[in-house]
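Just below is one structure, and these are the notes that go with it.
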Amino acid sequence: MNNASRRVGAAAILLGCAVLAVGRAAPTTSGATEARAMAGDDVNQVEKKSASSITPEQVEPIARELETKHGAAERVRIRRGLAQVARLWRPGDGDAAAFAELVRDAFVSDPAVLDATLEHFEYALEQLDGHLNEIGRELHHWTELDTGPLLPIDRMFGAFDPSAHLVDDLFANRTAFVALLNFPLTTLDERLELGPHWTRRQWAEARLTQRFSKRVPADVNQAITRATADADAYIAEYNIWMHHLVDPDGRRLFLAGMRLISHWNLRDELKADYADPDGLPKQRMIAKVMERIVTQTIPRVVINNPRVDWSPFENTVRSAPADSVEPGADAAAGGGRAGLDAEPAADREPDTRYAHLLATFHAARRADPYSPAAATLIARRFEENRELPERRVEGMLRDVLESPLVPRVAARIRQRLGRDLEPFDIWYSGFQPRGKHAEAELDRIVSERYPTVEAFQAAMPRLLTALGFSPERAHYLAAQIAVDPSRGAGHAMPALRRGDKPRLRTRVERGGMDYKGYNIAIHEMGHNVEQVFSLYEVDHTALAGVPNNAFTEALAFVFQARDLELLELEKPDAEWQRSRVLNDFWTAYEISGPAMVDMVVWHWMYDHPDATPAELREATVAIAKNVWNEHYAPVFGVRDSTLLAVYSHMISLMMYLPDYPIGRFISAQIEEHLKGRNLGAEFERMASFGSVTPDLWMEHATGKPVSAGPLLRATEDALR
């Protein structure tokens, strides 16, 4: 998991899991009311604050003056720059005389000085972004890393965004206006139409001014950071102690000590159980746990609590026998549930999941009035962050969801399983090479090799060499990446300035890294290698990064697909290629549903801005069922499943899920291109191209624009 958007606050950059001790309350009713009130600020006041205070009549005299001074050849640049500055000039910036003084002094026509101005902007912003990112990372140290029980103050630091005022400050000291005066502010349509013909310098100019295209107040940015940090923290401590799940006959199906975070580890355990001859009852139990999380019928007392036994099917709880409680479990659970004196109550979790989702929605809405070109979070995600229109993304999702290949692949799965499909088979992993290996065997191999994060850090040069990087390049990359133990499922955090290191965070249990943690670590290593190349090797730091999150996910998938090869358990032969393609297709089919649910839920919230958490829960459950019934029920023969809404990304990452299926499409294109080529050299060539539009990046990488077509073609070939 990773956020490729390089120029946002540190808390938003992190797309892994922050943490919070057990017992963290949901946003209170008064807090939700306050958020709705802030989101509904008087429209007239917002419009007044965000309206320009400079009229065209005031601009015209200074325009003529500048044309006389700098010559007719600069007329277009002068008129464009003045219009860009005037549009964002506010009463607090000064009167018309102050406007005239600024533009008179700051307009640059000398090409050499203009080049130097761009270079200085790039250097200064890299330092600002990079150091603020480092400050934010250190403030999140306790909440994101496995450093022991949390203190209340740690949560407050985790919700603080040191970069929230940066754009405000750059406008206040007029630096932002200098950029807008001298460099073009482009629209998405212009970038899509003209971008393929631009020089790298023109792209750097476009990315520089994009960050000053709107003026969102710092308190709004801080509110968004606070809401997402609280949601991250809630998710990161949402663990289920699997040994304390019992079936209707009172049997324990899972080993002692297994603590799985929702949804990531629950899903991965369900996948691993395909290799277990006795795995079906475990899978059914995990699916029931997931359903209870989505519907909020899960008893509140069982969350991250090793002292309670829970029957998910009957939804009953009781105190766990003392001899069944794992040694040290209270410390692992943060001490929040220790020492129950009476039989636990089975009261359900009080819609906490949806209260957090609503809180992020209300925080995001506060930015809407300041973003006239993309006046909803939905529009900003697609048009600004992804630079892919929502309709196009939905079309790609439907290309997979409605593909005639789906029932053909499903028939293969049904044949392999020897039974009818059940809803949790959306996570079928039998096409993966790891499906041949029992999870216990993989855990043993991994824990022996990687008992600590330091062991994984030391192994990275060898792993990268095995992936195709030269020994010299592998050691260089490994030296640029720092590995940390994660409280949550794991994530990659980029560096934003040269001289800093990206962070690879993965979960390491007391007995060493298990296979789930290793699989995530290989994925995050892909993110980190991309982050090194796209920062250190890009020719303009204004272009650092990749087009959007889907691209860094795709590059991470390329690494992750080779995790068993890196354990010397598999070789990427023709059969490996066929299995990988079928697995990628089924994974894309699976994740396209949650992406659709995520999109529809956000539209529902915008249509019902005054909804309560209970109403949002009911709507989300209904939406998940509708998407399931349209795209999955005809294949599975089962209606009304809610599993598509279990993804934790929905709660804290504000419409991130569509990046995963897009990433699968991009990964398939990259894999198609990599056939017969050196992975290391091609990975570096692709990742160092920088943050241009998606199609332009993909055409540079593979010769074709972004499409689901390569995945569908490869699947057709694999079935054949």
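Just so we're aligned, residue 26 is where the sequence shown starts under this note's numbering, counting upward by one.
The C-beta atom is built at its ideal place from N, Cα and C for all residues, glycine as well.
query: W722 vs P572 beta-carbon contact at 8 angstroms; result: yes
query: Local Cβ density within 10 Å of P337, reported as buried at 16 or more and exposed below that; result: buried
query: Contacting residues, own chain, Cβ-Cβ under 8 angstroms from D171 (five flanking each side not counted); result: P510, S511, R512, R532, V533
query: Residues that DSSP places opposite H165 in a beta bridge; result: Answer is none; H165 lacks a bridge partner.
query: Nearest-angstrom beta carbon gap, R240 and L113 [assumed within contact, 8 angstroms]; result: 6 angstroms
query: Assigned secondary structure, T58 (DSSP; H/G/I helix, E/B strand, else coil); result: A caution first: T58 carries a pLDDT of 46, below 50, which makes its placement in the model too unreliable to give a value.
query: Alpha-carbon to alpha-carbon, H387 and I10; result: In the structure as shown, the chain begins at 26 and stops at 745. Residue 10 is therefore absent and cannot be evaluated.
query: Rounded C-alpha distance that separates R102 from N207; result: 7 angstroms
query: Closest Cα partner of A726 within the set H156, A579, G106; result: A579
query: Cβ shell of K526 (< 8 angstroms), same chain only, five flanking positions each side left out; result: Q505, I506, A507, A520
query: Three CB pairs or more closer than 8 angstroms across the region 115–125 and the region 174–188; result: no
query: Proximity to A517 [Cα-Cα], best of S732, N544, R605, Q556; result: Q556
query: Backbone secondary structure at A64 - three-state DSSP; result: No answer about A64 holds up, because its pLDDT of 48 lies below 50 and its placement is not dependable.
query: Member of A254, P209, T320, N329 whose CA lies at the smallest distance from the CA of M267; result: N329
query: Three-state class that DSSP yields for I438 in the structure shown; result: helix
query: S834 - DSSP class collapsed to helix/strand/coil; result: The chain is shown only over 26 to 745; residue 834 falls outside these bounds and no answer can be derived.
query: Alpha-carbon to alpha-carbon, A706 and F558; result: 11 angstroms
query: When F690, E643, D450 are compared against A658, the one with the closest alpha-carbon; result: D450
query: Inter-residue Cα distance where the pair is L139 and F146; result: 11 angstroms
query: Distance CB(H381)-CB(D193) smaller than 8 angstroms; result: no
query: Any 3 or more C-beta pairs closer than 8 angstroms across the region 436–447 and the region 641–655; result: no
query: Sub-8 angstroms separation of D588 and A693 beta-carbons; result: no
query: Identity of the residues DSSP links to G537 by a beta bridge; result: E534
query: Pair within 8 angstroms by beta-carbon distance, A233 and A567; result: According to the sequence as given, residue 233 is Leu; it is not Ala. The answer is yes: Cβ separation under 8 angstroms.
query: Cut-off 7 angstroms between Cβ atoms - residues of its own chain near P302, not counting five sequence neighbours on either side; result: none
query: Near the ligand SAM: Q482 beta-carbon under 7 angstroms from a heavy atom; result: The model depicted lacks the ligand SAM and carries no ligand whatsoever.
query: Same chain, Cβ closer than 6 angstroms to Y681, five either side skipped, listed in chain order; result: H674
query: Whole-number beta carbon distance between L278 and P306, since they are thought to touch under 8 angstroms; result: 6 angstroms
query: Within-8 angstroms CB hit, V418 to chain B; result: Absent from the structure is chain B; it holds one protein chain and no more.
query: Contacting residues, own chain, Cβ-Cβ under 7 angstroms from A60 (five flanking each side not counted); result: A caution first: A60 carries a pLDDT of 43, below 50, which makes its placement in the model too unreliable to give a value.
query: Sub-8 angstroms separation of V425 and F407 beta-carbons; result: no
query: Straight-line gap, G734 to L669 (C-alpha atoms, nearest Å); result: 24 angstroms
query: Euclidean distance between Cα positions of Y561 and F708; result: 14 angstroms
query: Proximity to D274 [Cα-Cα], best of V431, N246, M310, L291; result: M310
query: Whole-angstrom distance between N553 and R528, CA atom to CA atom; result: 7 angstroms
query: Three-way DSSP call (helix, strand, coil) for P324 in this model; result: strand
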